Amino acid sequence: MNILAWNTPPNTAQLWAADGSDLVICLADKQLPDWSDCVILSSALACVQFAGANVLKNILPNKTLWLMPVHTATQLHDYFGSRDIHWQTKPIPQHHVLPEKNWFRQPEKNHQQPEHVIVIGAGIAGAATARELAARGVHVTVLDAANAPASAASGNRQGLLYAKISPHPTPQTELLLCGYGYAKRLLKNTLSESNNWQETGVLHLNHNTSETQRNTQLAQHVWHQHLYHGVSASQASELAGVLVEQDGLFWPQGAWVNPPAWVAKLLDNPLIQLKLNHHVLSAQFDGNNWQIHTQNGQFSGSHVVFCGGASSQNLPIIQDLPLQFIRGQTSIAKTQSNSGSLKVALSGASYVSPAWDGIHCFGATFLPNDAHDDWRESDEIANRQALKDLNNNIYQSVDFSGSLKGHAAVRCDAHDHLPVVGALGEPNLMRKVYAKLALDKNYRLDTPCPFYPNAFVNTAHGSRGLTTAPICAAYIAALICDEPLVLSKNLQHALNPNRLIIRQIVRGLN
Ligand SMILES: Cc1cc2nc3c(=O)[nH]c(=O)nc-3n(C[C@H](O)[C@H](O)[C@H](O)COP(=O)(O)OP(=O)(O)OC[C@H]3O[C@@H](n4cnc5c(N)ncnc54)[C@H](O)[C@@H]3O)c2cc1C
1 MNILAWNTPP
11 NTAQLWAADG
21 SDLVICLADK
31 QLPDWSDCVI
41 LSSALACVQF
51 AGANVLKNIL
61 PNKTLWLMPV
71 HTATQLHDYF
81 GSRDIHWQTK
91 PIPQHHVLPE
101 KNWFRQPEKN
111 HQQPEHVIVI
121 GAGIAGAATA
131 RELAARGVHV
141 TVLDAANAPA
151 SAASGNRQGL
161 LYAKISPHPT
171 PQTELLLCGY
181 GYAKRLLKNT
191 LSESNNWQET
201 GVLHLNHNTS
211 ETQRNTQLAQ
221 HVWHQHLYHG
231 VSASQASELA
241 GVLVEQDGLF
251 WPQGAWVNPP
261 AWVAKLLDNP
271 LIQLKLNHHV
281 LSAQFDGNNW
291 QIHTQNGQFS
301 GSHVVFCGGA
311 SSQNLPIIQD
321 LPLQFIRGQT
331 SIAKTQSNSG
341 SLKVALSGAS
351 YVSPAWDGIH
361 CFGATFLPND
371 AHDDWRESDE
381 IANRQALKDL
391 NNNIYQSVDF
401 SGSLKGHAAV
411 RCDAHDHLPV
421 VGALGEPNLM
431 RKVYAKLALD
441 KNYRLDTPCP
451 FYPNAFVNTA
461 HGSRGLTTAP
471 ICAAYIAALI
481 CDEPLVLSKN
491 LQHALNPNRL
501 IIRQIVRGLN
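In the UniProt record's numbering, the protein residues as written are 1 to 510.
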């Protein structure tokens, strides 16, 4: 691995000629590089943001471009650890590495390439994880209990890919903005020629006072105007092709996608073996490998990644993670003349997508602490009312006749609404080793975290898994393959699964 770095963007000729596997470029002053003389490089800048690292793969052959806002360029060890970085310009001074809590440290690396990874779950999280591993030459077996991939939360007809962010620099906003660009590039790469998605843009409407405030503040982020910008109701109507009564925030590169088609494409790789109708019953480490048992067979792998979504509570090893479950149902209905001309996805308290093959998708219901995925008439009625509130013109013109049914599923979430991603500590051992935190949460404890060997999780993507799961998958694959990590230290800690166990210990819960 040869990491080259620049304190300001080099020109396109320098980039093409650079002899490195990873090219790190500092973006000072929240400005995009001027690479207008190269279509490949300039179009790669479309979703670049200034909240966190932009990791651009497959743009230049055998190279990864790291476009780093200045606050990340001073912390390159977050991403590259102690690897040598060869500065092509005067180096950017690096901040000191701060001490980490032991439960946030990465487990000791065995520096061996993984032989075979078992991924449990074939939703967007599992499929993206498998694809990232396969791209690194690793053989993967994906096990799913259902008889088709993307049958659970990822089974919606049309999901929206955009980032519902705060105007302030929260971990959620950093993850969503980094994840949005990553997911969009992956989508373009994997489903390029397909009609199973469309970059129509997403219009987020000022549907109440707090959204109006939030969107107004976001519209002032001039450095992100290529990603999102404010629009008046009349501009919104022009963009949407139907009368829209509120102002809002427009995400021109936002897209709708059919998640099952995306998942199928991600899994379509000679190094990935998909095993359906395999409900995982147990997982044991035999000293060398993980032995995974399903009702239909046994599978062995050097590493295991749990991507079970809302069924995590029934999965071995991770069933004790304190997760939350939120039921949701979307609805579908045929277009009629006016609704058919909807050109962008509208989002507010609910959403409606442009028609795909003559059918709109809208919803979704949001029922916390309900882990049932049965289709319900009450949710259908709620979705119709929400569509009426979102845009009465579309509501009046869709055709609700017939018996089209949307998709009901359960979202998996954590208490802080951040995904749960990383290497898994052993909860029972952690409870013993870190018991004193129940007396004083700041108690200094030097004992290394007891980790399960080679066991990882990528789940709890809540309501935004299409945006967050792919970058988290890249993070997990990089951890497994001992490569530079795509998330800042801040995010590595914020998503770490051990935070949930430590929180329980601190609160005296078992
Ligand atoms: C109604 C609704 C609308 C949504 N709309 C959007 C949207 O517009 N945009 C967006 O970004 N996100 C949206 N989301 C959220 C998004 O769909 C989820 O965050 C995402 O699908 C989660 O993916 P996942 O892979 O983690 O879980 P899932 O897709 O649920 O996949 C988990 C998989 O694990 C398998 N599994 C579980 N237990 C076992 C076991 N024991 N053995 C084997 N296999 C097992 C399951 O069969 C399943 O296939 C929506 C969610 C819902 C419910």
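The beta carbon of each residue, even a glycine, is placed where N, CA and C say it ideally should be. This structure is a prediction, so every number in the text was calculated from the model and none was measured.
Beta-bridge partners of residue i, as assigned by DSSP
{"i": "H279", "result": "DSSP, once it has assigned bridges, lists no residue as partnering H279."}
{"i": "V119", "result": "V142, V305"}
{"i": "R185", "result": "Looking at the DSSP assignment, R185 forms no beta bridge with any residue, so it has no partner."}
{"i": "K57", "result": "T64"}
{"i": "S347", "result": "H204, Y351"}
{"i": "L249", "result": "H204, G230"}
{"i": "F325", "result": "C412"}
{"i": "K334", "result": "I359, D399"}
{"i": "residue 515", "result": "Here the chain has residues from 1 to 510 only, and residue 515 is not among them."}
{"i": "S300", "result": "Q291"}
{"i": "G425", "result": "F451"}
{"i": "I502", "result": "Its beta-bridge partners do not exist; DSSP assigns none."}
{"i": "A255", "result": "L161"}
{"i": "N269", "result": "None, per the DSSP bridge assignment."}
{"i": "N458", "result": "V421"}
{"i": "F285", "result": "W290"}
Selection from the options that minimises the alpha carbon distance to residue i
{"i": "L32", "options": "H226, N196, L315", "result": "H226"}
{"i": "L429", "options": "W103, A44, Q49", "result": "W103"}
{"i": "L76", "options": "L60, A5, N11, D37", "result": "A5"}
{"i": "S312", "options": "F50, S43, P497", "result": "P497"}
{"i": "V24", "options": "V39, I3, A17", "result": "I3"}
{"i": "D37", "options": "P10, N62, L187", "result": "P10"}
{"i": "A455", "options": "V97, V117, D29", "result": "V117"}
{"i": "I501", "options": "Y434, N458, L479", "result": "Y434"}
{"i": "V431", "options": "G402, L509, T72, W356", "result": "Note that residue 431 corresponds to Arg in the displayed sequence, not to Val. For the residues G402, L509, T72, W356, the minimum Cα distance to R431 belongs to L509."}
{"i": "M68", "options": "A28, V457, P114, P61", "result": "A28"}
{"i": "G254", "options": "D399, W66, K188", "result": "K188"}
{"i": "A150", "options": "L186, N258, V242", "result": "N258"}
Straight-line gap, residue i to residue j (C-alpha atoms, nearest Å)
{"i": "G363", "j": "G126", "result": "25 Å"}
{"i": "H221", "j": "D373", "result": "39 Å"}
{"i": "L271", "j": "C481", "result": "15 Å"}
{"i": "N215", "j": "W35", "result": "30 Å"}
{"i": "S350", "j": "A477", "result": "34 Å"}
{"i": "K184", "j": "V202", "result": "13 Å"}
{"i": "L390", "j": "A264", "result": "32 Å"}
{"i": "L445", "j": "Q112", "result": "30 Å"}
{"i": "V70", "j": "H407", "result": "43 Å"}
{"i": "E483", "j": "E108", "result": "14 Å"}
{"i": "A283", "j": "A122", "result": "17 Å"}
{"i": "G465", "j": "C472", "result": "10 Å"}
{"i": "A53", "j": "S397", "result": "43 Å"}
{"i": "E211", "j": "V244", "result": "16 Å"}
{"i": "S21", "j": "L15", "result": "11 Å"}
{"i": "P368", "j": "R136", "result": "38 Å"}
{"i": "V48", "j": "I40", "result": "14 Å"}
{"i": "E238", "j": "V352", "result": "17 Å"}
{"i": "V140", "j": "Q273", "result": "6 Å"}
{"i": "L491", "j": "S337", "result": "46 Å"}
{"i": "A153", "j": "P260", "result": "10 Å"}
{"i": "R105", "j": "T447", "result": "11 Å"}
{"i": "S403", "j": "A13", "result": "58 Å"}
{"i": "Q246", "j": "L267", "result": "40 Å"}
Own chain, CB closer than 7 Å to residue i, minus 5 neighbours either side, in chain order
{"i": "L281", "result": "H293, T294, Q295"}
{"i": "S366", "result": "The sequence as given places Phe at residue 366; Ser does not occur at that position. I326, G328."}
{"i": "D320", "result": "P427"}
{"i": "K57", "result": "T64"}
{"i": "L98", "result": "none"}
Own chain, CB closer than 6 Å to residue i, minus 5 neighbours either side, in chain order
{"i": "A469", "result": "I124, A125, A128, H461"}
{"i": "V410", "result": "A310, F325, R327, A371, D373"}
{"i": "A145", "result": "H279"}
{"i": "A44", "result": "L56, I59"}
{"i": "M1", "result": "S21"}
Own chain, CB closer than 8 Å to residue i, minus 5 neighbours either side, in chain order
{"i": "N354", "result": "The sequence shown places Pro at residue 354, not Asn. Q198, T200, W256, L342, K343, V344, A345, H360, listed in sequence order."}
{"i": "residue 523", "result": "Lying outside 1 to 510, the shown extent of the chain, residue 523 is not represented and no answer is given."}
{"i": "H417", "result": "Q172, G462"}
{"i": "I505", "result": "M430, R431, Y434, A435, L437, A438"}
Any chance the region 423-437 sits against the region 340-350, with 3 or more Cβ pairs inside 8 Å?
-> no
Any 3 or more C-beta pairs closer than 8 Å across the region 129-144 and the region 173-182 | no
If we count Cβ pairs, one from each stretch, closer than 8 Å, do we get three or more for the region 85-105 versus the region 435-442?
-> no
Would you be able to state if there are at least three C-beta pairs under 8 Å between the region 150-158 and the region 204-214?
-> no
Are the region 161-175 and the region 294-308 touching by the rule of at least three beta carbon pairs closer than 8 Å?
-> no
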